[in-house]
Amino acid sequence: MNRARSSALILGLVVSGFATTGCMEFEDPPEVELKTNVVDWREEIIYQILVDRFADGDWGNNFSVYPSAPGKWHGGDWKGLEQRLDYLDELGVTTLWISPVVKNVYTDAGFDAYHGYWAQDLTQPAPQFGDLAALQSLVKAAHARNIKVILDIVTNHMGQLFFYDINGNGQADDPLNQSVPGTTDVFKENEYDPTYDVRGVQAETSLGESGLAPVIFAHDPASNHMPPFPEILQNPLAYNRKGRTYNFDDPDQLLRGDFPGGLKDVNTELCPIRDAMVDAYTRWIELTDIDGFRIDTVKHVENGFWRHFTQKVRRRLAAKGKTNFFMFGEAFDGRDQLVGSFTKNGNDAPPPADELAKDNQCVTDGVPLTADMLDSVFYFPQQFQVIRDVFRYRGPTSNIQKLWTDRAVNYGATPAQGGAVNAAGQGVSPQKLLVNFLDNHDVPRFLFTGAGMYPEDPIFGTPLALETRRKMLHNALLFLFTEEGIPCVYYGTEQDFQGGNDPGNREDLWTSGYERGAPTFQWIRRLSNLRRKYPALNKGDLQILWASDRTGPNDSDANVFAFERTGGDAGDSYAIVVINANIEKEGAPEFGGQPMQVGAAPGTVLVDVLNDGGPTYTVTNDGRLSIKLPPSSGAVLVPESQR
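What the sequence shown shows, in mature numbering (1 follows the signal peptide of the UniProt record, and there is no 0), is residues -21 to -1, 1 to 622, in sequence order.
See the structure below:
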């Protein structure tokens, strides 16, 4: 794609002297036919991929590749991913979440943008991954296998594309001596990444401050530090220009500060910017037929933007034949109420009338905005409170019960208009669409031998053996694939990758040989098959049967959790899931001689479809069920008649 023609959206808005005559430009590649490729997102199994680290199918785009350095380009591309779709199909994957596709700053401060989060040009594909035809071919090949594609996007910031000319000499000084106002102290400042100032980054000379520092865009083709596109992003007013955030608890820094590392915060409160983001990213869908967005850093952008962006995207795509387009956001935060706030649609938590009226000032098509925002979010609170604290640290399973109880309050109960729907076309609420995960590119892998994987002090202790950690991983995966919501597996989990924090958790998958006989590959494949076979495991309503705050060595239910799924859109499908997260002893969902009460009718015979050849279990006359599990194990029980 180049800039030979303007997109259909022409911005004629003027905001505080911010004039623009166009949003983004494209070569004029033909749009593809858009289709609705998803029946019900709850049936999907997402697999997150960093394209650069998955498969290298075209050596022709391997420039500046250094596979031995974790922070450099390694050579993976869209062609390589397409060539490995059979691997993912066998694993049971039904949706690919691919890293951002837009052209980035290539390299910065010794690290490369292989991850895709340093955008420079929202209208062009990243040449390291291939051209538009390669991306279109990948999506088409995935759809031919009934595999959907989700695109990772960033609206909060752009890459490190300009510097603040604090001392007025026209060059980026690093470091620059700065004085501390009111004192004789000086400190070192980087003009690409200066510290946040609520007034905006200030220029300063030996005589004192002299107002807002000018913005100077870099021009270095070799590293692609070039002025951004669409062209509207070359106007300094497109950015908040307040410098690097250092306190994420400060609301203004959270929303308007630059992201640490020199990533420039976009002024998403401006109407032209809102429309430019809609146009840029919706255009990628129109050119490829991709099925959804994973949206980065949503907590760093005001809610008004999300109302505008999500509703405009849905309407534009629906008019061209694509509905059930899924949008979920990433708020890297353990605060459940904050993360859930982006899913409050309809009357769940309507914004103040004056706030909505302000947002509607950006509407030019005469269709007013509603309160709707996202279909779902990445469930980070569960990753911290359950995956980490229960399955890694062997904490009390009452953590799960508390978190899930709070879900009814903290997450939206109302589906977004034009958002995710079920097979009957009825909206599905965010509470039932949370994207569940064990780990990802921003946190250490579950198998990493860090905190929680030592039986004693991590400095002097010995890490748990891989076999023990793998059993813990398999139990966590069982939880992931059977709980309410959509499971998301991070690439490499199926090959027992064990990397620590970024970039250690971004390994090359090809080092595994794409081994399909690996124990965790086979385990995920089994769970995927069970999830597809029994509708209760993906669409049934969920009821907790057993949770415990006991973790002692003599407690029969220490680290044990059980729930059942039935009803809802699952018809008469029924399943009970029992998990023993204790790594040392057998456990049972019972205490004081009283086993758990279940919803199945007395006399129902249940079979364990997870563990072939296991015993059967019969519900007692008073509706109870007894089952004991070995350490780090689980069971999925279904009525014998449904096996």
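C-beta: ideal position from N, C-alpha, C; glycine also.
Going by DSSP, F238 is part of no beta strand (DSSP E) at all; its letter is neither H nor E. In the structure shown, the three-state DSSP call for E69 is helix. Runs of the alpha helix (DSSP H) lying entirely within the stretch 97 to 148, each at least 4 residues long, are 111 to 123 in chain order. In this structure, V584 places its C-beta atom within 9 Å of the C-beta atom of T595. Around the Cβ of W38, a 10 Å sphere holds fewer than 16 other Cβ atoms; the residue is exposed. Counting only the Cα atoms, V356 lies some 7 Å from V318.
In the same chain as P173, and ignoring 5 residues on each side of it, the C-beta atoms closer than 6 Å to its own belong to Y143, V180, G222, in chain order.
Nearest to L212 by alpha-carbon distance, out of N246, N203, T393, is N246. Straight across, the Cα-Cα distance linking V30 with N83 is about 14 Å. When secondary structure is reduced to three states using DSSP, P618 falls in the strand class.
DSSP lists R544 as the beta-bridge partner residues of A554. Here E543 is buried. Its C-beta has 16 or more other C-beta atoms within 10 Å. Going by C-alpha positions, G431 is about 14 Å away from E563.
The continuous stretches of alpha helix (DSSP H) do not include E170, and DSSP gives it neither H nor E. When the beta-carbon positions are compared, N538 and N517 stay at least 9 Å from each other.
One alpha carbon belongs to D418, the other to S377, and they sit about 21 Å apart. With respect to F90, G50 sits close: the two C-beta atoms are nearer than 9 Å. Straight through space, the alpha carbons of F370 and Y260 are spaced by roughly 37 Å. In the DSSP assignment, I77 forms a beta bridge with I28, L130. Distance from the Cα of D351 is smallest, within the candidate group D344, G283, K381, for G283. Taking the Cα positions, N40 is about 16 Å away from L117. Here K82 carries a strand assignment [DSSP, helix/strand/coil]. Runs of alpha helix (DSSP H) with 4 or more residues, each lying fully within the stretch 274 to 320, are found at 282 to 297, 315 to 319, listed in chain order.
Here P482 is buried: its Cβ has 16 or more other Cβ atoms, across all protein chains shown, within 10 Å. In this structure, the alpha-carbon of Q621 lies about 7 Å from that of S552. Under the criterion of beta carbons closer than 8 Å, V414 and G464 qualify as touching, at roughly 7 Å. Rounded to whole angstroms, the separation of the alpha carbons of P360 and D312 is 7 Å. In this structure the stretch 511 to 528 touches the stretch 4 to 24; the number of beta carbon pairs closer than 8 Å is three or more. In summary, G241 is buried, with 16 or more beta-carbon neighbours lying within 10 Å of its beta-carbon over all protein chains present. Rounded to whole angstroms, the gap between the alpha carbons of I264 and V44 is 29 Å. The closest CA to that of T343, considering only T102, T302, K291, H204, is found on K291. The stretch 395 to 410 makes no contact with the stretch 568 to 585: fewer than 3 CB pairs, one atom from each, lie closer than 8 Å. When only Cα atoms are considered, P609 and R603 end up about 20 Å apart. In this structure, the beta-carbon distance from V400 to N303 falls below 9 Å. One alpha carbon belongs to R63, the other to R124, and they sit about 12 Å apart. With a threshold of 16 other beta carbon atoms within 10 Å, N484 meets it and is buried.
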